[in-house]
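Basically this note's numbering = 1-based index in the sequence shown + 6.
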Amino acid sequence: MEVRDVHHAYRQRVVLRGIDIRLRAGTLCGIVGENGAGKSTLLKILSGEMRPSRGTVRHGGRFGYCPQHVVLNDALTVRQHLRFFQRAYRLTDLRYAEQVMDVLGFAGYADERAGTLSGGTRQKLNVTLALMHDPQVLLLDEPYQGFDWDTYQRFWDLAVRLRDAGRSVLVVSHLAYDTERLDELWRLDAGVLRPDQAVTT
Ligand SMILES: Nc1ncnc2c1ncn2[C@@H]1O[C@H](COP(=O)(O)OP(=O)(O)OP(=O)(O)O)[C@@H](O)[C@H]1O
């Protein structure tokens, strides 16, 4: 994925002031920044959900995006969500999705309606829906919000495995824990991305 000179403003409020990113295959990268720094705005632009005021985003191959806010239908079960996305992604089966559910530890909830799931389990489903077609480029916005410690560790193991399998993974968060697992870490501040000390030193 290649991002060149992306700028964005909401009316008078300038949020991004020239973002350049080159996300190579087989890299696990992070972007951190304070609340309101523009992280979600940047991810919405990278995912194509929003057009930047200026600049270009190019990527090739299958693409996965896990938004910060869970988008589920409360009346549908976990399995119905998977089937819906299976059609959308044109997958022949759900084997990979089931593996991801096992890793995140919620395979036992397949027949529960989304509306009755706990916040952390809803987030596990949110992450699974972004991952289940094994995307080559994966963008995750605050993916571990609500995860318990064990799930949090499993999430990072999964992210590292995807990186080792040649996928590009970009994790955006306001918290920069576990930075040693990242190949690169940037900080979004005042609309600009800078390498973060935690990984570069
Ligand atoms: N649709 C919108 N219209 C106007 N302003 C917006 C809109 N979306 C976001 N903003 C503003 O843009 C700035 C960046 O917001 P954004 O959600 O991208 O930040 P963030 O870094 O993801 O924050 P957080 O860590 O709190 O999720 C904020 O000042 C926010 O109020």
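Every residue, glycine too, gets a C-beta built ideally from N, C-alpha and C.
Original post:
So does Thr-46 have its beta carbon nearer than 8 Å to some heavy atom of ligand 1?
Top reply: Here the sequence assigns Ser to residue 46, which means Thr is not the residue at that position. Under cutoff, so the answer is yes.
Subject >> Near ligand 1: Gln-92 beta-carbon under 8 Å from a heavy atom >> reply: no
Original post:
Nearest CA to the CA of Arg-200: which residue from Arg-17, Ala-15, Gly-39?
Top reply: Gly-39
Original post:
According to the neighbour-count rule (16 or more other Cβ atoms, all chains shown, within 10 Å of its Cβ), is Thr-127 buried or exposed?
Top reply: buried
Subject >> Spatially closest choice to Arg-96 from Gln-159, Arg-68, Glu-8, Leu-164, by CA coordinates >> reply: Arg-68
**OP:** Please look up how many angstroms separate the CB atoms of Asp-147 and Val-178, rounded, as I've assumed it's under 8 Å.
**Re:** 5 Å
Subject >> Buried versus exposed, by CB contacts within 10 Å (16 or more), Leu-194 >> reply: buried
**OP:** Would you check if the distance between the CB atom of Val-63 and the CB atom of Gly-197 is smaller than 9 Å?
**Re:** No.
Original post:
Can you give the beta carbon distance from Gly-61 to Leu-137, rounded, assuming they're within the 8 Å contact cut?
Top reply: The Cβ separation is near 27 Å, so there is no contact.
Original post:
Under 8 Å from any heavy atom of ligand 1, does the C-beta of Leu-194 make it?
Top reply: yes
**OP:** Using 10 angstroms around the beta-carbon of Thr-207, count the other beta-carbons present and answer buried if the total reaches 16, otherwise exposed.
**Re:** Bear in mind that the predicted position of Thr-207 carries a pLDDT of just 40, short of 50, making it unreliable; the figure below should be weighed with that in mind. Burial call: exposed.
Original post:
What number of angstroms, rounded off, separates the C-alpha of Gln-18 from the C-alpha of Ser-59?
Top reply: 12 Å
Original post:
If you run the structure through DSSP and keep just helix, strand and coil, what is His-14?
Top reply: strand
Subject >> Cβ-based neighbour list, Leu-88, same chain, cut-off 6 Å, excluding 5 preceding and 5 following >> reply: Leu-100, Ala-103
Subject >> Alpha-carbon to alpha-carbon, Asp-170 and Gly-54 >> reply: 26 Å
Subject >> Of the listed residues Leu-34, Glu-118, Thr-98, Val-84, nearest to Asn-132 (C-alpha basis) >> reply: Val-84
Original post:
Which first and last residues belong to the beta strand (DSSP E) in which Leu-191 is found?
Top reply: 190-195
**OP:** Taking only the alpha-carbon atoms, compute the straight-line gap between Gly-114 and Met-107 and give it to the nearest angstrom.
**Re:** Roughly 9 Å separates the two Cα atoms.
Original post:
Once you ignore the five residues that flank Pro-73 on each side, which residues in its own chain have a CB closer than 7 Å to its CB?
Top reply: Counting only Cβ-Cβ distances below 7 Å, and skipping sequence neighbours, we find Asp-147.
Original post:
For Lys-45, which of Val-143, Ile-25, Val-76 has the nearest alpha-carbon?
Top reply: It is Ile-25.
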